[in-house]
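S.K.:
2 protein chains.
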Amino acid sequence: MTKKVVFNPWEVSGEVNYNKLIKEFGVSNLKELPAVFNENILFRRKIVFAHRDIQRILEAVKNKKPFVMMTGLMPSGKFHIGHMILAKQMIFWQKLGAKIYIAVADIEAYNTRAQNLEESRKIALKEYITNYSALGLNLKKADIYFQSNRSDNAKKSNAYYKLQNLLSRYATFNEFKAVYGDITPGKMLSSLLQASDMLHPQLPEFEKPIPVLVPVGIDQDPHLRLARDISQRVKDYKFIQLSSTYHLFAPGLNSGKMSSSDPNSYIAMTDSPKEVETKIKKYAFSGGQATLEEHRKKGGNPDIDVSFQYLKMFFEQDDKKLAKIEQDYRSGKLLTGELKEYTIKKINAFLKEHQENMKKAEKDVERMFS
Amino acid sequence: MTKKVVFNPWEVSGEVNYNKLIKEFGVSNLKELPAVFNENILFRRKIVFAHRDIQRILEAVKNKKPFVMMTGLMPSGKFHIGHMILAKQMIFWQKLGAKIYIAVADIEAYNTRAQNLEESRKIALKEYITNYSALGLNLKKADIYFQSNRSDNAKKSNAYYKLQNLLSRYATFNEFKAVYGDITPGKMLSSLLQASDMLHPQLPEFEKPIPVLVPVGIDQDPHLRLARDISQRVKDYKFIQLSSTYHLFAPGLNSGKMSSSDPNSYIAMTDSPKEVETKIKKYAFSGGQATLEEHRKKGGNPDIDVSFQYLKMFFEQDDKKLAKIEQDYRSGKLLTGELKEYTIKKINAFLKEHQENMKKAEKDVERMFS
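For the protein sequence lines, the chains are H and Z, in the order given. Numbering-wise, the first sequence is residues 333 to 702 according to the numbering used here. Numbering-wise, the second sequence is residues 333 to 702 according to the numbering used here.
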């Protein structure tokens, strides 16, 4: 059976498919990482699985030299567990010494989703930034900004928007078409502003020449390629080539995409224990067999089981326990209902603590951004 | 004989051609102006000959209400007498009470002419702004800025670039094609930034709702149309429709375009008396006849005579004297050589005083922009 590469976790979980994906995008397998990366399950379990030019970031970590981790957020809908993949990387990189830049893509939301700036601001602060903080991001040490309002420092703002404008000289329509397919002026300006988001930390008005890492979902690589390509054509400034890492997606409950527009596709950070229980029991796609008898006989498939994937990505830190669950499920010893019960327990334990942390985070965010 | 409308003064000098041009562009004839406009030869002699929506500007003048006159400059080559058409309007509007906004189009020069920002800055200050000042513009009461560096006030800068980005949502590629023909990302961003140049004085961070007048050469009307059209689609801000006036061009010495890249096509503000004499005598296209005898018999044509046009546009303030010259030239009484001698004398008298004024202006500009 040959499958076209698609971007959900199980389709790229095998060694072969990984390689195929990596080859198709021209990115490299992520291997031989320093020991510290093994402390993070996202790296240890290859949820973050590929990279471009990560060497200079690893060197910066090793030599305790400054580097930037840059990311953006599209403020739409509720923050859910799928968003944790990026959030946990941010926190990890911050602890490793990265200066964190976070762009709230309110201009992009305005131009591509007709979402007004006030709405974007509200969602970004209440959902995203507050959750980042509750998950452990030190907001005070991060440069969090809105695309529509880069800085209170005029020199910085001018430099950021100037870069967007100057980059346009080095771009072609065909490049935008490759990224966006159907291209409009609004999408084009968003794309160039995004390129400035990724590159501007290197400007004299910001960190000066500095390596920048952009962790993204693998589907976002075209954006990276565009920014990388354009950056090397700029005549007036020598940009250090962008580094990037690529992560898998958390599957939606229904095994499709986790979509903010479909509450039954995700576990929100605000879900109650009862809601979590219902969602996992009712909607979480199962890798188990149709009948108990069949399951005992043939075993389940953890690779396509959403509950198991959630444990692997987020909620089971213990590798031995995870291996045991995987083995028992595959053998048919562990039933779907039992796997779901365990997952519900783990999620609810996590959410209980997280929802406590949110209370303080809400106050912090309100203080910082009002 | 039917002619396609072209944009140099004599091709649109007759009543019929004016109307044709006005019809083609959908602009209106400029008529019934208040008495004060007759003090300015550009209006009196219909060098500024058409408009869109000038009523609200005239009302502001009449009621002593605030209004903005906005213009841009493309910093290329030397400032020459042709540039005075716009400069003298700026000074006139400033005296009538307009707040003057001047955008140095350094981003546009970068994106469409590959001219670096430092070069643009140098040319803009040394040539354009200094000459504006020497001609009588009060720089202290003007908001002069570079597209690449809108303001030292972050709120203002953010608002200006934000507007550029948000406007893109309401634009279509076909509109840009109509303005630019061959459209590139660089041209598109320049065009949207130019729309922000024209519209941003109305934003809360600047003058708040206020009528804005943009005086342009008639060939620039497509830019105006684009900005006018887009502005009325914006959902988040109700823009007062832009007003504009349209002026003719000063012909080049060779009767073609006055081009910064051909020094023999223009009189520069720094030309010496000898240079002026040589240029007028050698290059100024003449409406006279081939021989003296023929000229005496048939008379000359002031409508296509470059020396006469310069007198009409700039150097002969006295209507009676101008009418006499026109009449005598048309009748053959005034010879081309005599007309040229008179023009040389008038230009040199003007330049002598102007070059004196430049010395103070240079110091003022240096003080303001260093």
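Where a beta carbon is used, it is the ideal one built from N, C-alpha and C, also for glycine. Nothing here was measured: the structure is a model prediction, and the numbers come from that model.
Which stretch, first to last residue, makes up the beta strand (DSSP E) that contains Z:R453?
M.R.: Here Z:R453 belongs to no beta strand (DSSP E); instead the alpha helix (DSSP H) covers 449-455.
S.K.: Any beta carbon of chain H sitting closer than 7 Å to that of Z:G518?
M.R.: Output row for Z:G518: interface = yes.
S.K.: Give a yes or no on whether the C-beta atoms belonging to H:I583 and H:N680 are separated by under 7 Å.
M.R.: With the sequence shown as reference, residue 583 of chain H is identified as Pro, and Ile is not the correct amino acid for it. In this structure, H:N680 does not lie closer than 7 Å to H:P583 by Cβ.
S.K.: Would you please state the rounded distance, in angstroms, between the beta carbons of H:F571 and H:L525? I believe it to be under 8 Å.
M.R.: Rounded, the Cβ-Cβ distance is 16 Å, inconsistent with contact.
S.K.: When we look at the beta-carbon of H:L521 and count the other beta-carbons within 10 Å, is it buried (16 or more) or exposed?
M.R.: It is buried - the Cβ of H:L521 has at least 16 other Cβ atoms within 10 Å.
S.K.: How would you write the range of the alpha helix (DSSP H) that H:D568 sits in, first residue to last?
M.R.: Where H:D568 is concerned, there is no enclosing alpha helix (DSSP H), given that its DSSP letter is neither H nor E.
S.K.: Helix, strand or coil, according to DSSP, for Z:G549 in the structure here?
M.R.: Three-state result, Z:G549: strand.
S.K.: Between Z:V544, Z:D637, Z:V638, which has its C-alpha nearest Z:K731's C-alpha?
M.R.: The question about residue 731 of chain Z has no answer here: the residues shown for chain Z are numbered 333 through 702.
S.K.: Identify every run of the alpha helix (DSSP H) within the stretch 414-499 of chain H, keeping only runs that are complete inside it and at least 4 residues long; order them along the chain.
M.R.: Those alpha helix (DSSP H) runs which fall completely within the stretch 414-499 of chain H and span 4+ residues are 416-427, 438-445, 449-455, 462-467, 486-499.
S.K.: Could you have a look at H:R377 and say whether DSSP puts it in helix, strand or coil?
M.R.: The answer is coil: DSSP assigns H:R377 none of H, G, I, E or B.
S.K.: Would you report the Cα separation of Z:F399 and Z:L418, rounded to the nearest angstrom?
M.R.: Roughly 18 Å separates the two Cα atoms.
S.K.: Helix, strand or coil: which one does DSSP assign to H:T504?
M.R.: Three-state DSSP puts H:T504 in coil, outside helix and strand.
S.K.: Given a threshold of 16 other Cβ atoms within 10 Å of its Cβ, counted over all protein chains shown, does H:N596 qualify as buried or as exposed?
M.R.: Answer is exposed; the Cβ neighbour count stays below 16.
S.K.: What does H:K454 reach in chain Z if we use C-beta pairs closer than 7 Å?
M.R.: In chain order: nothing, as chain Z lies at least about 15 Å away.
S.K.: According to a CB-to-CB cut-off of less than 7 Å, which residues of the stretch 431-449 of chain H neighbour chain Z?
M.R.: Answer set for the stretch 431-449 of chain H: I439, Y442, N443, N448.
S.K.: Does the separation of the CB atoms of H:A616 and H:V638 fall below 7 Å?
M.R.: The answer is yes: Cβ separation under 7 Å.
S.K.: To be precise: take each residue of the stretch 491-503 of chain H, compare its Cβ to all Cβ atoms of chain Z, and keep it if any distance is under 9 Å. Which residues remain?
M.R.: Cβ contacts with chain Z come from A491, Y492, Y493, K494, Q496, N497, L498, L499, S500, R501, Y502, A503.
S.K.: Provide the residue(s) that pair with Z:N361 in DSSP beta bridges, ordered along the chain.
M.R.: In DSSP, Z:N361 forms a bridge with Z:A382.
S.K.: Residues in its own chain within less than 7 Å of H:T403 by CB, not counting five upstream and five downstream?
M.R.: Contacts found: L418, M422, I434, V546, P547.
S.K.: Are the stretch 660-674 of chain Z and the stretch 688-698 of chain Z touching, with three or more C-beta to C-beta distances below 8 Å?
M.R.: Too few Cβ pairs lie closer than 8 Å, so no.
S.K.: Under the three-state reduction of DSSP, which class applies to Z:P533: helix, strand or coil?
M.R.: Note: Z:P533 maps to helix in three-state DSSP.
S.K.: Go through its chain and collect everything with a Cβ distance to H:P366's Cβ below 6 Å, but skip five positions before and after it.
M.R.: Nothing meets the Cβ criterion.
S.K.: Buried or exposed: Z:W342, going by 16 or more other Cβ atoms within 10 Å of its Cβ?
M.R.: Here Z:W342 scores only 36 on pLDDT, less than 50, and its place in the model should not be relied on; the value that follows carries that caveat. The residue is buried, with at least 16 neighbouring Cβ atoms inside 10 Å.
S.K.: I'd like the span of the alpha helix (DSSP H) that includes H:M700, first residue to last.
M.R.: It spans 668-700 - the alpha helix (DSSP H) in which H:M700 sits, taken as one unbroken run.
S.K.: When you compare the CB of Z:L521 with every CB in chain H, is at least one pair closer than 7 Å?
M.R.: With 7 Å as the cut-off, Z:L521 counts as an interface residue toward chain H.
S.K.: For H:N506, decide whether its Cβ has a neighbour in chain Z, counting only Cβ atoms nearer than 7 Å.
M.R.: By this cut-off, H:N506 is not an interface position.
S.K.: If you check the beta carbons only, do Z:K672 and Z:K613 fall under 7 Å apart?
M.R.: Yes, Cβ-Cβ distance for Z:K672 and Z:K613 is below 7 Å.
S.K.: Check the C-beta distance from H:R501 over to Z:G518 and give it rounded, since I have them as a contact under 8 Å.
M.R.: Indeed, because the Cβ distance is near 4 Å, the residues count as touching under 8 Å.
S.K.: Would you mind telling me which residues of chain Z sit closer than 7 Å to H:L525, beta carbon to beta carbon, in chain order?
M.R.: Neighbours of H:L525 on chain Z, chain order: N497.
S.K.: With DSSP run on the structure shown, which of helix, strand or coil describes Z:S639?
M.R.: It is helical.
S.K.: Can you list the residues of chain H that Z:S489 reaches, using a CB-CB cut of under 8 Å?
M.R.: Neighbours of Z:S489 on chain H, chain order: A486, S489, N490, Y493.
S.K.: Under 7 Å between the Cβ atoms of H:L643 and H:T602?
M.R.: No.
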